[in-house]
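2 protein chains.
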Amino acid sequence: MNPDKRRRLEARGWKFMTVKEFLGLTDEEAAYVELRLKLADGLWARRTARGISQTALAKTIESSQSRVAKMEAGDPSVSLDLLVRSLLALGTSNRELARIITAR
Amino acid sequence: MNPDKRRRLEARGWKFMTVKEFLGLTDEEAAYVELRLKLADGLWARRTARGISQTALAKTIESSQSRVAKMEAGDPSVSLDLLVRSLLALGTSNRELARIITAR
DNA sequence: TGCCTATATGTCAGCCCTGACATAGACTCG
DNA sequence: CGAGTCTATGTCAGGGCTGACATATAGGCA
């Protein structure tokens, strides 16, 4: 958000919080959610870099296009398991996986 | 295995294979299994380093002692999700998580 | 010896995640 | 315009993972 706009809104009594604060997450929960989002972004990056469609990826991991879309969207209904297995199916090495996790 | 013993056994017609070969796993599946084992080992290492029991850890993650034992044993009935969440509950940072993953 | 703690292993009802399907929007190309 | 592709989103029955429980083994201590 624009700093000026934020200042003006705060002057009028608005409060700003992080997603973590808003949802009342513990540190571990926040770290978990963050991790999922990083993997989701990493999956999208890897897939598009390879130039393959969600449907094509879905076939290689024996899933469906809709589930791939949910994965990349960070949908809560998708497990870490499936995210990681999808990344591995795209040929992601342990080192690359580690880089995705530590990305900021 | 002792190289001499192996040579003697091979001379008698025994064949040796990796777990991956034996189970007929694809590269991705093998990587997935390996990853789980690394996380399992990492969990055990972190827990014992903190000097807490499986029961104590189970309480903090709202699970049970038996499930923690299965986790550390690399039991197939345990999801990556639970493994990672347990590690995070032990205060494992992203960087440490990455180190566990890339450990050999 | 008996008691306590820690860990391993098996089982199971119930819930969460699964793939599949339907549908809609955005975009490209005839 | 219409047809095709790609992606997003909602729904659902069924299967996999869950916590809980029971039980066994091992080690420490009195």
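The listed protein sequences derive, respectively, from chains A and B.
Under the working numbering, the letters of the first sequence match residues -12 to 91, in that order.
Under the working numbering, the letters of the second sequence match residues -12 to 91, in that order.
Ideal Cβ placement from N, Cα and C applies to all residues, glycine included.
Is it right to say residue i is buried, meaning 16 or more other beta carbons lie within 10 angstroms of its own, or is it exposed?
i: A/ALA90; result: exposed
i: B/GLU49; result: exposed
i: A/LEU24; result: exposed
i: A/GLY0; result: Confidence is the limiting factor: at A/GLY0 the pLDDT is only 48, short of 50, which leaves the residue's position unreliable, though a coordinate-based value still follows. The residue in question, A/GLY0, is exposed, as its Cβ has fewer than 16 Cβ neighbours within 10 Å.
i: B/GLY38; result: exposed
List the residues of chain A whose Cβ lies closer than 7 Å to the Cβ of residue i, in chain order.
i: B/THR89; result: ASN81, ARG82, ALA85
Which residue from the options puts its Cα closest to that of residue i?
i: A/TYR19; options: A/GLY61, A/LEU44, A/ARG86; result: A/GLY61
i: B/LEU44; options: B/LYS25, B/ILE87, B/ILE88, B/GLY78; result: B/GLY78
i: B/ALA27; options: B/SER66, B/ASN81, B/SER80, B/ARG82; result: B/SER66
i: A/GLU16; options: B/ARG54, B/THR42, B/ASP68; result: B/ASP68
Just the chain A side, please: which residues come within less than 8 Å of residue i by C-beta, in chain order?
i: B/LEU12; result: Going along chain A, no residue has its Cβ under 8 Å from B/LEU12, so there is no contact; the nearest lies around 12 Å.
In chain B, what lies closer than 8 Å to residue i by C-beta?
i: A/ARG72; result: GLU15, TYR19
i: A/ALA76; result: GLU15
Kindly list, in the order they appear in chain B, the residues whose Cβ is closer than 9 Å to that of residue i.
i: A/LEU22; result: VAL71, LEU75, ASN81, LEU84
**Request:** Check whether the stretch 66 to 78 of chain B touches the stretch 33 to 45 of chain B, counting contact only when three or more Cβ pairs, one atom from each stretch, lie closer than 8 Å.
**Result:** yes
**Asked** Using a Cβ cut-off of 8 Å, which residues of the stretch 44 to 69 of chain B contact any Cβ in chain A, in chain order?
**Response** SER66, LEU67, ASP68
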